[in-house]
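Heads up, the thing below is written out as structure tokens.
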Amino acid sequence: MPSSPQSNSASRAAPTGKLSPMLAQYQRIKAEHPDVLLMFRMGDFYEMFGEDAKVASELLEITLTSRPAGGAERTPLCGVPYHALDRYLAKLIALGLRVAVCEQIEDPKLAKGIVKRAVTRVVTPGTLLEDGMLEARVNNYLAVAHCAVPHAKEGAAATATEGGEPRFGLAVADISTGEFGVTQLTGLSCLAEEVGRLTPAELLLSGDAFDTEAVKPHVRGRVDRLEEDPFPARDSAAQLCDHFGTTSLRGFGCEGLPLAIEAAAGLLRYLRAHQEAAARHLRTLSTWSTEDHMALDANTRRHLELVQATGAGPTARSLLQVLDRSVTAMGGRALRRWVLLPLLNLEEIHRRQEAVEEFVSGALLRGDVRDGLRRVSDVERLTTRASTGVCSPRDLGQLRASLRVVPDVVETLAEARSAPLVWLREGLDPLPELAETLERALVDEPPLNLRDGGVIREGFSAELDELRDAAAGGKAGIARLEAEERERTGIPNLKVGFNSVFGYYIEVSKSNVSRVPADYHRKQTTANGERYLTPKLKEFEAAVLGAEERAGQLEATLFEALRSEVAGYSPRLLALAGGLANLDALAALAEAASANGYTRPLVDEGGVMEITGGRHPVVEQAALEPFVPNDLLLGPDDQRLLVITGPNMAGKSTFLRQTALITLMAQIGSFVPATSARIGRVDRIFTRVGAHDDLAGGQSTFMVEMNEAANILNNATDQSLVILDEIGRGTSTFDGLSIAWAIVEFLAQLGAKTLFATHYHQLNDLERQLPGVKNFRVLVKEQGHRIVWLRKIAPGGTDKSYGIQVARLAGLPESVVDRAREVLADLEATGRARRPGKVSERTEQVQLTFFEAETHPVVDALKALDVETLTPLEALTTLAALQRLVKG
13 MPSSPQSNSA
23 SRAAPTGKLS
33 PMLAQYQRIK
43 AEHPDVLLMF
53 RMGDFYEMFG
63 EDAKVASELL
73 EITLTSRPAG
83 GAERTPLCGV
93 PYHALDRYLA
103 KLIALGLRVA
113 VCEQIEDPKL
123 AKGIVKRAVT
133 RVVTPGTLLE
143 DGMLEARVNN
153 YLAVAHCAVP
163 HAKEGAAATA
173 TEGGEPRFGL
183 AVADISTGEF
193 GVTQLTGLSC
203 LAEEVGRLTP
213 AELLLSGDAF
223 DTEAVKPHVR
233 GRVDRLEEDP
243 FPARDSAAQL
253 CDHFGTTSLR
263 GFGCEGLPLA
273 IEAAAGLLRY
283 LRAHQEAAAR
293 HLRTLSTWST
303 EDHMALDANT
313 RRHLELVQAT
323 GAGPTARSLL
333 QVLDRSVTAM
343 GGRALRRWVL
353 LPLLNLEEIH
363 RRQEAVEEFV
373 SGALLRGDVR
383 DGLRRVSDVE
393 RLTTRASTGV
403 CSPRDLGQLR
413 ASLRVVPDVV
423 ETLAEARSAP
433 LVWLREGLDP
443 LPELAETLER
453 ALVDEPPLNL
463 RDGGVIREGF
473 SAELDELRDA
483 AAGGKAGIAR
493 LEAEERERTG
503 IPNLKVGFNS
513 VFGYYIEVSK
523 SNVSRVPADY
533 HRKQTTANGE
543 RYLTPKLKEF
553 EAAVLGAEER
563 AGQLEATLFE
573 ALRSEVAGYS
583 PRLLALAGGL
593 ANLDALAALA
603 EAASANGYTR
613 PLVDEGGVME
623 ITGGRHPVVE
633 QAALEPFVPN
643 DLLLGPDDQR
653 LLVITGPNMA
663 GKSTFLRQTA
673 LITLMAQIGS
683 FVPATSARIG
693 RVDRIFTRVG
703 AHDDLAGGQS
713 TFMVEMNEAA
723 NILNNATDQS
733 LVILDEIGRG
743 TSTFDGLSIA
753 WAIVEFLAQL
763 GAKTLFATHY
773 HQLNDLERQL
783 PGVKNFRVLV
793 KEQGHRIVWL
803 RKIAPGGTDK
813 SYGIQVARLA
823 GLPESVVDRA
833 REVLADLEAT
843 GRARRPGKVS
853 ERTEQVQLTF
863 FEAETHPVVD
873 ALKALDVETL
883 TPLEALTTLA
893 ALQRLVKG
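Quick note: the sequence shown, position 881, residue 893 per this note's numbering, numbers continuous.
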């Protein structure tokens, strides 16, 4: 992919001759925005010149042409229609470019000389506002990570600032919804986890240099350095106070977080430089702490498929897809945040559960609320579009329709009795004054574009009504004029027409030209006739076009005023949007619970996890056979780590993951797929499931496995839930067994609630050696050489893996399966620590043997010894000699 235009692209494109006024204007604007691709509005097109044109033509697959640029020079040129800007912008942004949009800022009809132009916004992945470029149910975050490390060298990793770890400020904003928040973090891994949870579209690095390889994989778009503050004398706190119009930051909860304040100020500076209106729209600041929520690292999010399924095909689904029954985009975004941010505060968990329970038990209430919410558009993003001046008449029409629904939702919630729903109901502000203004101002079906006219309702503006009447009267007069001229001239097919070049004209066919009166002035000849003007026609034209033009200008002015009025209500609209989003998310969880047979779990401070009839919420949706539920008791002192053995495909991984998902669902306030459940709150969920490599990073499957295991062992606590599936399988048997054994010992001593699935049956011995370790197995039924999966977890270990039976099911050739069974029998007969001997004698063809174990000299000596003739003294002497031989 070609790189984005560099700072010297304008100079490379500059011709040696004298530039035209338009190209001189372009070069001046391009010099002010050297590092971005400049789209230059010229009439009905956005044009690109020079190196920008070469890059854009290749990326957008559009024709590259050229135009004179002074003297004999020509400059490369390409362009896109103005009405298709969003489509081309989306492609350029997706390819990693930044684009400056240069608009005509005066009416070309009124311009004296060249039309004035200016860059109105610089579009980057984190500053998108257009609906067509945004995912409706996913936030589009711009993030700034600030690191302050004394004496850090450029390009070097950050040195320690707190307990051996660097500290960071992190600021994020979604300008499409008005969200703006900050936090302060310790440790690069913690920063990576938060960036991974947020998956920003754009990440800017501020302050001292630090190693960013840990965070880059979690960014969906660009990673860049943030330019330094051009006004360093004004500290960041003062900049934020100026922006919010406050005297301190105490009300935002970040006054004691200097790195977070630096990051927030840097984010605002970036927005002001790129989209000033978007910066003005950020009117509040929230502070969050990672200590308030369960941290989920990237491996856990991926292994549990929380918001994105890793498989392919129609049955591949994520947990979010199962739970998301929301009917608004705002509710979908809220639920996504909940899934990625499980709660630690029991009161908050119980409040959500209480609301979900009322919706589950009250099907009519839930249905009426959801029916109302279905008529609500994306109030968050509509408000932002109004505040930033890019909303259309249709956007305001959707906002009006949404406000109409709010009183109905409030009335429906009058039946609610749970405290959370009552609180939400009381917080839903229907904004009656704004709703009334929009009702009076807008027509019933506003057009998409203001230029189409017909936006403002009749009766809203007396002046506009008069102009419209004048224009309509003029048109009626023109129709009367056409009839009068036909009668006067006797030309039956005479007609009055209009085009944008000549205005109104009278058209006469060639066969009737001889009958044209003397006061007709010929203006144009066409293939079929002649076109004429008359003084009376020009009078009518002036009246019609003048009234239409003034009406269009006044309507645009009224619409801009209406849009500004909506922007003034931005804080109240965003608060309303937040309430509707939470209401929708709660009702969605209840809908999923009702449809899927979930139950309310008891979430408490205890360390016990007790699940009866637990099911995997995703697998049960796609299963072709009835899902087999399982029970679990985990957490008492005598049962904190379960070693689970059993064959492949029997359900070990499903059991492990469903336990993690049930725990996570409980801590977001959801009901869970179980007959009953008691969940002792956990601080973190760790998973190590499946096998994959990182070839680009130079890591083998086993190294990836060990890295993930190391992360767990270094960060888990006795309050954590740890899910480990097949640790140590990527190396030799004894190496892997040793590692798995040591990890189990470590976790047992730590006291973390752990499910450890393995094929190493030797680990069953740990039940007798370590307190809190219990053996469980997946039950199967053997039928000859075949097995039937029972999918049930039962106490006790197993010493068989049934791998050969699974290989048969996978379709291995029968000869391979038979040979594997022979080798297995030989191994079991000679001891698992020895290599297999010769193959079975019943094999008809001669086959090679496996490596034979070399006979020990002691064995040869014992075989040669005649024990019946030995005297006691000789026996003792021989025994001593054999012992020396062994030791030697």
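A virtual CB, placed ideally from N, CA and C, is assigned to each residue, including glycine. Predicted model only: the values in this text are computed from it and were never measured.
Backbone CA spacing between Asp650 and Thr770 [nearest angstrom]: 20 Å
Is the beta carbon of Gln196 closer than 7 Å to that of Leu271? Contact flag set, yes.
Comparing C-alpha positions only, which one of Ile117, Glu214, Ala635, Leu570 sits nearest to Arg237? Of the listed residues, the one whose Cα sits closest to Arg237 is Glu214.
Strictly by DSSP, which residues pair up with Arg690? According to DSSP, Arg690 bridges with Leu614, Glu622.
For Val334, which residues in the same chain have their Cβ closer than 7 Å to its Cβ, ignoring the five residues on either side in sequence? Ala604, Pro629, Val630, Gln633
Check each candidate in Met54, Ala686, Asp47, Arg99 and name the one with the smallest Cα separation from Leu71. Arg99
Compare the beta carbon distance of Ala662 and Trp801 with 7 Å and say whether it is the shorter of the two. yes
Does the separation of the CB atoms of His158 and Gly233 fall below 7 Å? The answer is no: Cβ separation not under 7 Å.
Looking only at its chain, what residues have a beta carbon closer than 8 Å to the beta carbon of Gly625, apart from the 5 residues adjacent to it on each side? Pro641, Asn642, Asp643, Ala686, Thr687, Ser688
Nearest-angstrom Cα distance between Leu332 and Asp407? 29 Å
Going by other Cβ atoms of all chains shown within 10 Å of its Cβ, with 16 needed for buried, is Asp304 buried or exposed? exposed
Counting only the same chain and skipping the five closest in sequence on each side, list residues whose C-beta sits under 7 Å from that of Ser23. Note that Ser23 scores a pLDDT of 38, beneath 50, so its modelled location is shaky; the value from the coordinates is reported in the next line. Excluding residues within five positions, none has a Cβ falling inside 7 Å.
Taking DSSP's pairing of strands, which residues face Phe57 in a bridge? Met54, Pro93
Given Glu856, which residues of its chain have a CB within under 7 Å of its CB, disregarding the five upstream and five downstream residues? In this prediction, Glu856 scores a pLDDT of 42, lower than 50, which makes its location untrustworthy; the coordinate-derived value is nonetheless stated afterwards. Cβ neighbours of Glu856 beyond the five flanking positions: none.
Roughly how many angstroms lie between the CA atoms of Lys793 and Leu601, to the nearest whole one? 38 Å
With 16 other CB atoms within 10 Å as the buried threshold, where does Ile105 fall? buried
Less than 6 Å between C-beta atoms, sequence neighbours within five positions excluded: which residues of the same chain meet that for Thr890? Annotation for Thr890: no residue places its beta carbon closer than 6 Å to its own, counting only its chain and skipping 5 residues before and after.
Own chain residues within Cβ distance below 7 Å of Ala678, not counting five before or after: Pro613, Val615, Val684, Ala689, Ile691
Does the beta-carbon distance from Ser188 to Leu122 come in below 7 Å? Cβ distance not < 7 Å, so Ser188 and Leu122 don't count as in contact.
Out of Leu377, Pro583, Arg429, state which residue places its alpha-carbon closest to the alpha-carbon of Leu394. Pro583
Whole angstroms is fine: what's the gap from Gly439's alpha carbon to Leu146's? Across the structure, Gly439 and Leu146 are spaced so that their CA atoms are roughly 28 Å apart.
Nearest to Leu415 (by Cα), restricted to the options Pro444, Ala346, Gly263: Pro444
Decide if Asn20 is buried, meaning its Cβ has at least 16 other Cβ atoms within 10 Å, or exposed. Any reading at Asn20 must be qualified, since the residue scores a pLDDT of 41, below 50, and its modelled position is unreliable; no value is offered.
Taking the runs of the beta strand (DSSP E) that are 3 residues or longer, which of them lie wholly in the stretch 383-449? none
Three Cβ pairs or more, each shorter than 8 Å: is that satisfied between the stretch 62-80 and the stretch 89-97? yes
Would you mind reading off the limits of the alpha helix (DSSP H) that contains Ser330? First-last for Ser330: undefined, no H or E at that position.
Cβ-Cβ distance between Lys664 and Ile674 below 7 Å: No; because the gap between Cβ atoms is not below 7 Å, this pair is not in contact.
Taking only the alpha-carbon atoms, compute the straight-line gap between Ala130 and His293 and give it to the nearest angstrom. 21 Å
Does the Cβ of Asp481 have 16 or more other Cβ atoms within 10 Å, making it buried, or fewer, making it exposed? Exposed.
Counterpart residues of Lys507 in DSSP-defined beta bridges: Glu519
Kindly indicate which residue of Asp56, Asp464, Glu85 has the alpha-carbon position closest to the one of Ala96. Ranked by Cα distance from Ala96, the first of Asp56, Asp464, Glu85 is Asp56.
For Asn540, tell me which candidate among Lys550, His533, Leu506, Thr546 has the shortest Cα-Cα distance. Leu506
Continuous alpha helix (DSSP H) assignments of at least 4 residues falling wholly in the stretch 233-301: 248-256, 270-286, 288-293
Separation of Gln365 from Glu359, as counted between CA atoms: 10 Å
Can you grab the Cα-Cα spacing for the pair Leu736 / Tyr58, in whole Å? 56 Å
Can you tell me where the beta strand (DSSP E) with Thr713 in it begins and where it stops? First-last for Thr713: 713-727, but that is the alpha helix (DSSP H), not the beta strand (DSSP E).
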